[in-house]
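Worksheet for the structure shown next.
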Amino acid sequence: MGKPLVIEQVPIPEPTGRQILVKVKAASLCHSDLSIIDGGFGPLPVPLIVGHEAVSVVEKLGPDAAAYGIKVGDVIGTPLWQDMCLQCADCRTAGPQFCPTMQIMGMNTAGYFAEYALVDPATAVVIPPARAERPSALAPVFCAGITVWDALERADLKPGQTVAVVGAGGLGQTAVQYAHGLGANVIALDIRDEQLLACKADNTADEIVNTTGLDPAALVARTKEVNNGRLVDTAIVCSGTVPAYNTALAIVKAEGSVVAVGLPHQPIPVHAAMVSVKAIKYVHTPNSRSWVPTTRELLLIFLHLQDSSAQRFRARWAHRGASTSC
Ligand SMILES: [Zn+2]
Ligand SMILES: [Zn+2]
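For the sequence shown, our numbering assigns the number -10 to the initial residue and increments by one for each residue that follows.
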């Protein structure tokens, strides 16, 4: 950890149990990879092949993999979890990231920055051939996409509500796209104009706010200015900085939600009165609670967004909003 990456020759691994051997078509770099390399997640087993978001082609099935309906030649994506027991209460109810036997690709097992990798078919999503021609565009969906989609799910966003995305880097821009695809009114906030303009350039952010130098009162005033006199229903924090959390707490309405996605290395000092006076809900999002279904939904959303035809999903979301309020 903390040393430069090196390229080495290693044997092609052999799949055992339900494992699948895949040939990597595209693997994308996540901010977590940088933290792993820098030692930000503490000491890990080295040497280690990093990388946990990719699109790959199935090369070989392990002896128990056939039950998962995946064939040699399929193009697949998987979230980063492996080796879940699939039987414990955590697996069945909370999600694979809570299983005591779970391993994380690129962190405590070999990841995707290699020609070949072993993946767990329990979380795999088969990508339709017609959609597989741009694997580099799809790879980030399997970490960044899942993460922000889960944040939107946990926020229980309703059609027509306003969501603020605080931090408009790669993760934040993905959150802005998905929230826009769901029909929400989206405000992107950041201290960098370049990131904000990227959200505006693709017409996914309705409004952008540069928060540089704005104190809580000014943040409230600016938010109301761009949101018809109201604070936001939900603030999703996609920045790993403490000030981003203070921004979120300032601009969210009474009984609104602050969803934590970006994880600062420092503790977040929270003014308890601000949280309690506004009765803010604080929600943490450890990737995805419903994993495979979520990933498949996500893939559908992504494909719809690519087609600029999110109507089908918006209709479903609207139905969900209606049934939730009944
Ligand atoms: Zn990641
Ligand atoms: Zn389990």
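Built from N, CA and C at the ideal position, the CB exists for glycine as well.
Check: By Cβ distance, which residues of its chain are closer than 7 Å to valine 221, with the 5 residues on each side in sequence left out?
Finding: Thr151, Val152, Ala153, Ile176, Thr212, Ile240, Val241, Lys242, Gly245
Checklist line | Alpha-carbon to alpha-carbon, proline 4 and valine 247 | finding: 42 Å
Next item on the list: With a threshold of 16 other CB atoms inside 10 Å of the CB of arginine 123, please say whether the residue is buried or exposed.
Entry: exposed
Notebook entry, point to check: If you run the structure through DSSP and keep just helix, strand and coil, what is glycine 66?
Noted result: strand
Next item on the list: Note the first and the last residue of the continuous alpha helix (DSSP H) segment covering leucine 146.
Entry: Segment: none, leucine 146 is in no alpha helix (DSSP H) and carries neither H nor E.
Note to self: The beta strand (DSSP E) that contains asparagine 235, what's its start and end?
What the structure shows: Element bounds for asparagine 235: not the beta strand (DSSP E) but the alpha helix (DSSP H), 231 to 240.
Check: With respect to the alpha helix (DSSP H) encompassing leucine 178, which residues constitute its N-terminal and C-terminal limits?
Finding: No alpha helix (DSSP H) holds leucine 178; the beta strand (DSSP E) holding it covers 174 to 179.
Next item on the list: Would you identify the three-state DSSP class for alanine 113, choosing helix, strand or coil?
Entry: coil
Check: How do the region 72 to 86 and the region 115 to 135 stand: do at least 3 beta-carbon pairs fall below 8 Å, yes or no?
Finding: By the Cβ criterion, the region 72 to 86 is not in contact with the region 115 to 135, since fewer than three pairs of Cβ atoms, one from each stretch, lie closer than 8 Å.
Next item on the list: Report yes if the C-beta of glutamine 76 is less than 7 Å from at least one heavy atom of ligand 2; otherwise report no.
Entry: yes
Next item on the list: Per DSSP, which residues does alanine 168 bridge with? Please list them.
Entry: Per DSSP, none; premise fails for alanine 168.
Item checked: Burial state of glycine -9 (16 or more Cβ within 10 Å) -> exposed
Next item on the list: Quick one: grab the DSSP three-state call for glutamate -3.
Entry: coil
Item checked: Pairwise C-alpha distance: threonine 236 and glycine 58 -> 46 Å
Check: Would you call leucine -6 buried or exposed, if buried means 16 or more other Cβ atoms sit within 10 Å of its Cβ?
Finding: exposed
Item checked: glutamine 71 (DSSP reduced to helix, strand or coil) -> strand
Check: Which residue from Asp109, Gln86, Gly51, Thr82 puts its Cα closest to that of glycine 66?
Finding: Asp109
Next item on the list: Measure the C-alpha to C-alpha separation of leucine 37 and valine 231 and round it to an integer number of angstroms.
Entry: 30 Å
Margin query: Can you give me the C-alpha to C-alpha distance between serine 312 and aspartate 145, rounded to a whole angstrom?
Written below: Reliability of the predicted coordinates at serine 312 is poor, the pLDDT of 32 falling under 50, and no value is obtained from them.
Next item on the list: Check each candidate in Gly170, Gly156, Gly161 and name the one with the smallest Cα separation from lysine 147.
Entry: Of the residues Gly170, Gly156, Gly161, the one whose Cα lies closest to the Cα of lysine 147 is Gly170.
Notebook entry, point to check: In this structure, does DSSP put serine 45 in helix, strand or coil?
Noted result: strand
Next item on the list: From the DSSP output, read off the bridge partner residues of valine 272.
Entry: Under the DSSP definition of a beta bridge, valine 272 partners with Val248.
Notebook entry, point to check: To the nearest angstrom, how far is it from the Cα of alanine 16 to the Cα of valine 47?
Noted result: 15 Å
Next item on the list: Report the option in Gln92, Ala157, Thr223 whose CA atom is closest to the CA atom of glycine 149.
Entry: Thr223
Next item on the list: Would you give the residue range spanned by the beta strand (DSSP E) that threonine 223 belongs to?
Entry: From DSSP, the beta strand (DSSP E) with threonine 223 extends over 221 to 226.
Next item on the list: Tell me whether alanine 153 sits in a helix, a strand or coil according to DSSP, three-state version.
Entry: strand
Next item on the list: Could you say which of Asp204, Val44, Leu252, Val11 lies nearest to alanine 128 if we only look at CA atoms?
Entry: Val44
Check: Anyone know if the C-beta pair for leucine 33 and methionine 96 falls short of 8 Å?
Finding: yes
Item checked: For isoleucine 135, three-class secondary structure by DSSP -> Helix at isoleucine 135.
Notebook entry, point to check: Rounded to whole angstroms, how far is the Cβ of tyrosine 105 from the Cβ of proline 2, which I believe are closer than 8 Å?
Noted result: 7 Å
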